[in-house]
Every structure is written in C-alpha cells, then in structure tokens.
Amino acid sequence: MKSLIELQSVDLLMDSCLKEISFIENEINDNSRLVAIQTKINQLQKNIDILNKALNQLNISIETNNSKILSLETRLYGGEITNNKQSEATAIEIDLLKSQTTEYEEKSLQCIIKLEPYENELKNTSLIFESAKTEKNDSKKHLQIKLENLYSKRNTLQQEQSYLLKTVDKAYLEKYLIIRKRKPNAVGLTEKGICSACNVKLPTGELNLLKQSSTISYCKTCGAIIFYIS
C-alpha cells in the first residue's frame, strides 16, 4: 500500500512538472508579439517605399517638364521661333507643361504629407520592437534557468518512479496504471471513512466490506483503488 501511495505522489508531482515544462517551453518559443510588431514594421516600410517610389517618379516628371519648358521658352523668347502660328502652338505647349507640372507638384506635396506620419510611426514601432526583443531575451534567460531546474527535477522523479514501479505489487500496479489513464488520483485512503481520491464519505456497509477485504477494493464513487485506514 505504502509503495503505491508513494508512486501516486511521485506521479502527481511528475504531472505537475511536465505541465510546467510544457508551459515554459511554449513561453520560450512564443515569438508572436515580436512577429506582430515586425509585420507592422514591414507594412509601414512597404507604404513608405510605395510613396517614395511615387515621389521619385513625380520629381523626375517635374524635372523633365521644367527642362522642356526652359527649352521651349528659350526658343520662343530667344527669337528662334518667328512664325506666329508656331509661336502660338509653343506658348500653348508651355502652358500645358506648366499646368501639368503644377499638378505633379501638388501630388508630390501630398506624398510628402503622407510620408511623415508613416516615417514617425515606423521610427516609434522600431523602438518598440527593439524594446520587446530585449524584454524577450531577458525573459528567455530567466525561463531557461527555470527550465533547467525542472529538467533536473523531472530526472529525479523519473528515478523515483523507476524504483517504486519495481516495489509495487504487480496486480495493484496493473489496475493502478489502467485507472490512472482516466484520472490522476487512482489511489485513495479512507480517512475517517472519506475517500481521499474524491472526498466522498463511503456508506457504512461499503466501509465495513473494505475493512474485511483482502483483495483490491475500489471506491464506488470515483473508481479509485482504496485502502482502509483505521
């Protein structure tokens, strides 16, 4: 009886240890916050790149138009064009180019206005990312130490389990292992007539049968193996 109770105590400690190990391992490997921040950074950078590309294209168009305007104005006002009809057409072309350039400049300004908040947000988000990364690394170091201690505890419990498994009566052990697949508390003691596995008081008749029993007995409420304690 004692060995079986001890085995269950070790098994329950092992359950708790393995659960904690699993939790900490998941915590160490959980980079979801960093991934979320990095995703935001990538999207902000993408938005900035799109605006910068548009801004560059607009600046090229503005420079191209200004060059064309300068060339046409030089020809028009430098006396190269003397034909009235051609002068008229050139003046119209210059006006169109200037109008188009003004439109490009307005679009360029809009790009610059949109860029500023994106760049500020990117800067702030990058700082948040670095802070979160440092915090995660510090947390990992702390959790890794805790994990190593739990691994050591697990090894000790495994040794205790191996020893106790050899000392428990085979018939009891077989039943215990079957029950334990369904519930953690597979063994109970009847302290003051109460099953310690489920905290339910046994009926007087059942308790009397348990006192006289020389075979494996089970709690009718929870199904655990029970031992009578006077």
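As numbered in the numbering used here, residues 333 to 562 make up the sequence shown, in order. Where is the CB? At the ideal position from N, CA and C, for every residue including glycine.
Buried or exposed by the 16-neighbour rule on C-beta atoms within 10 Å, applied to Gln476: exposed
Given Cys551 as reference, the closest of Thr488, Cys527, Cys349 and Ser354 once Cα atoms are compared: Cys527
Sufficient close CB pairs (3 or more, under 8 Å) joining the region 418 to 427 to the region 472 to 491: no
Other residues of its chain near Ile380: CB distance less than 7 Å, five sequence neighbours each side excluded: Leu447, Tyr450, Glu451 and Leu454
CA-to-CA distance, Glu359 to Ile373, given in whole angstroms: 23 Å
Cutoff 6 Å; reference Glu492; Cβ partners in own chain excluding five residues on either side: Val342
Buried/exposed call for Thr499, threshold 16 Cβ in 10 Å: exposed
Neighbourhood of Leu496 by C-beta, 7 Å cutoff - its chain only, sequence neighbours within 5 removed: Ser335, Glu338, Leu339 and Val342
CA nearest to the CA of Ile557, picked from Ile382, Ala529 and Gln418: Ala529
Gly537 in three-state terms, based on DSSP: helix
Cβ pair Ile548, Lys507 closer than 8 Å: yes
Cβ-Cβ separation, Phe461 to Ile369 (assumed contact under 8 Å), whole Å: 5 Å
Helix, strand or coil at Cys349 [DSSP, three-state]: helix
For Cys443, the three-state DSSP class (helix, strand or coil): helix
Spatial neighbours of Lys400 in its chain, beta-carbon cut-off 7 Å, leaving aside the 5 residues before and after: Leu429
Sequence-distant residues of the same chain with beta carbon closer than 6 Å to Ser431, five excluded per side: none
Boundaries (first-last residue) of the beta strand (DSSP E) holding Glu523: Val519 to Glu523
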